[in-house]
Amino acid sequence: MRMQDLIEKKKNGFFHTKEELKFIIDGAVSGSIPDYQLSAWLMAVCFRGMSDGELAHVTELMARSGDTVDLSSLGDRTVDKHSTGGVGDKTTLIIAPLVASLGGIVAKMSGRGLGFTGGTIDKLESIPNFRTELSDAAFLRILSEHGVCIAGQSGNLTPADKKLYALRDVTATVDSIPLIASSVMSKKLATGAKSIVLDVKTGNGAFMKDVESASLLAQKMIAAGRAHGRNVRAVLTNMNIPLGNAVGNALEVKEAVEVLRGGGPRDLREICLVLATHMLALSVGGDEAALRRLCESALRDGTALRKLADMVRAQGGDVSCISNPESLPTAGTVYEIRSKKNGFIASMDCAVIGKTATLLGAGRETKGDHIDMSAGIVLTKKTGDFVRRGETLAYLHTNRAERLGEAELTYLSALAFSDTPVEREPLVYKIIV
Ligand code: URA
3 MRMQDLIEKK KNGFFHTKEE LKFIIDGAVS GSIPDYQLSA WLMAVCFRGM SDGELAHVTE
63 LMARSGDTVD LSSLGDRTVD KHSTGGVGDK TTLIIAPLVA SLGGIVAKMS GRGLGFTGGT
123 IDKLESIPNF RTELSDAAFL RILSEHGVCI AGQSGNLTPA DKKLYALRDV TATVDSIPLI
183 ASSVMSKKLA TGAKSIVLDV KTGNGAFMKD VESASLLAQK MIAAGRAHGR NVRAVLTNMN
243 IPLGNAVGNA LEVKEAVEVL RGGGPRDLRE ICLVLATHML ALSVGGDEAA LRRLCESALR
303 DGTALRKLAD MVRAQGGDVS CISNPESLPT AGTVYEIRSK KNGFIASMDC AVIGKTATLL
363 GAGRETKGDH IDMSAGIVLT KKTGDFVRRG ETLAYLHTNR AERLGEAELT YLSALAFSDT
423 PVEREPLVYK IIV
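To get this note's numbering, take the position in the sequence shown, counting from 1, and add 2.
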């Protein structure tokens, strides 16, 4: 087989056989296919797409390209959740202990943030001594004892995705539905949970900018998961507004604890309740309205918060940060951004808000960058809110006081104002079961 023939075939809109896809995936992992040929093939896939059959094969081949985690000893209640990435998205920190406190076994391998999006593993590492690098044996032991564990993706999980994702990042081939679907679902298949709930973010802070393309992506991911015997549902959620008020690692952990104490921002709490209800419906079963009520009471009575404390303790973290989140890292400077005008906030550009957090030290501009766990933003006004001139729009938390001027201007450039009231957008657009 010759890679140039396979590129030609895809360029002309034909479908690959499983053997051809295996040649490509094996060649990507072994290095026998050079980056320029892989990149040309990725671009051809962007323009020509893939059939459902090709998608199922490529997902399986990528999932099997490295180590896989066998969760079969834990039974059928294993459940995972995946967000396609967003700004202020700390739902995993809330949902994982919440679902586990109600009988689901939440086996989660999460990633780090890159660019403007945050990553769960970075957020958890703002808890002193919290261990995210776990052996498979430790991952399974914590799951069997506590029903929840959140670890980093082990070194050799889906090496094919690592290779292709790195190329996509630099060849403008990230936002292709079959490439995103195979990338996400290969990782989900490799980490072994029987049930998967996908949080497909939609809007200016997400890869999918509109509900139609997000629905198509969700349907493709569901099909790829079901083709391999997994129960999958998707929830399409709004990413035209950051989720909750906190953006940045320790600030987000604090906000997650607020929700687990029965409070916290309404939008964050609502999305967590929806996602947790569907995770329980797939893993434990039962009537959705009753499951939602159980979730509400587990947030109200502290059951879910105790489960988070159990997980933090089991993973070596300083559990006093959960009972006393004020002891999490705090920034040297907290700067107040005040509004220069009166008006309703008409829109917020989430990607620009994520970029502001990165300027403050909360994210990485390049892969190896150090993250300042205490840095970030606390929003006090969001889309739809009326603001008077001089009122606080947000607080910037940083140890890089010299970047505050640039960060303030960047933040303000993310907001558009209107003289008339603005219709609020839905938090959840659609649920695909
Ligand atoms: N998240 C992933 O894991 N892969 C993609 O391609 C896009 C988002």
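Just so you know, even glycine gets a beta-carbon here, dropped at the ideal spot from N, CA and C. Note that this is a predicted model, so its numbers are computed, not measured.
Chain C beta carbons: is any one of them nearer than 8 angstroms to that of THR335?
-> The displayed structure is made up of one protein chain only, and chain C is not part of it.
Starting from the C-beta of ILE144, find all residues in its chain whose C-beta is less than 6 angstroms away, skip the five residues before and the five after it, and write them out in chain order.
-> CYS151 and ALA316
Which stretch, first to last residue, makes up the alpha helix (DSSP H) that contains THR305?
-> 305 to 316
Bridge partners of ALA252, per DSSP?
-> BP columns for ALA252 are empty, so no partner.
Less than 7 angstroms between the CB of THR400 and some heavy atom of the ligand URA, yes or no?
-> no
Starting from the C-beta of MET281, find all residues in its chain whose C-beta is less than 8 angstroms away, skip the five residues before and the five after it, and write them out in chain order.
-> VAL81, LYS83, ILE97, VAL101, GLY106, VAL108, SER197 and VAL199
Measuring CA to CA, which of ARG66, LEU191, LYS12 and THR19 is closest to LEU44?
-> LYS12
Whole-angstrom distance between LYS211 and LEU181, CA atom to CA atom | 16 angstroms
Unbroken beta strand (DSSP E) runs of length 3 or more, entirely within the segment 60 to 130: which are they?
-> 80 to 85 and 107 to 112
Best match in GLU21, VAL314, SER420 and LEU63 for proximity to SER188 [C-alpha to C-alpha] | LEU63
8 angstroms CB neighbourhood of TYR397 in its chain, flanking five on each side removed | VAL336, TYR337, GLU338, ILE339, ILE379, VAL380 and THR382
Burial state of THR368 (16 or more Cβ within 10 Å) | exposed
DSSP state of CYS29 mapped onto helix, strand, coil = Just to set this straight, residue 29 is Gly in the shown sequence, not Cys. If DSSP states are grouped into helix, strand and coil, GLY29 belongs with the helices.
Environment of the ligand URA in chain order, Cβ to heavy atom below 5 angstroms = ILE182, SER185 and VAL186
Going by other Cβ atoms of all chains shown within 10 Å of its Cβ, with 16 needed for buried, is SER53 buried or exposed?
-> exposed
Is it true that the segment 215 to 224 meets the segment 298 to 313, where meeting means three or more beta-carbon pairs spaced less than 8 angstroms apart?
-> no
Would you mind sorting GLU222 into buried or exposed? The rule is 16 or more other CB atoms within 10 Å of its CB.
-> It is Lys, not Glu, that sits at residue 222 in the sequence shown. Result: buried.
List the DSSP bridge partners of LEU159.
-> ASP69
Can the beta-carbon of GLU257 be found less than 8 angstroms from the beta-carbon of LEU270?
-> yes
Between which two residues does the alpha helix (DSSP H) carrying HIS280 extend?
-> 268 to 285
Could you name the residues of the same chain whose beta carbon sits closer than 8 angstroms to that of PHE346, not counting the 5 residues immediately before and after it, in chain order?
-> GLY386, ASP387, PHE388, VAL389, PHE419, SER420, ASP421, THR422, PRO423 and VAL424
Check whether the segment 127 to 141 touches the segment 291 to 301, taking contact to mean three or more Cβ pairs, one atom from each stretch, closer than 8 angstroms.
-> no
Would you list the one or two residues that DSSP bridges to ALA364?
-> DSSP output for ALA364 lists no bridge partner at all.
How close, in whole Å, do the beta carbons of ARG235 and VAL435 come, if the pair is a contact with beta carbons under 8 angstroms?
-> 5 angstroms
Who are the near neighbours of LEU395 in its chain, counting only those whose CB is closer than 6 angstroms to its CB and skipping five residues on each side?
-> ILE339, SER341 and LYS383
ALA364 beta carbon less than 8 angstroms from that of ASN251 | yes
Would a C-beta distance cut-off of 8 angstroms place LEU57 and SER184 closer than the cut-off?
-> yes
Identify the residues that DSSP records as bridge partners of MET45: which are they?
-> Beta-bridge pairing links MET45 to no other residue.
If we ignore side chains and look at the alpha-carbon of each, how far apart do VAL176 and ILE9 end up?
-> 18 angstroms
Can you tell which of ILE224, GLY121 and THR400 has the C-alpha that lies nearest to the C-alpha of GLY334?
-> THR400
Which residue from SER376, ASP138, GLY121 and LEU238 puts its Cα closest to that of THR332?
-> SER376
Does the distance from the CB of CYS352 to the CB of MET241 come in under 8 angstroms?
-> yes
Per DSSP, which one or two residues make a beta bridge with GLY154?
-> SER112
For ILE373, the nearest candidate out of VAL202, GLY407, GLY194 and LYS125 (CA to CA) = LYS125
Local Cβ density within 10 Å of ARG232, reported as buried at 16 or more and exposed below that = buried
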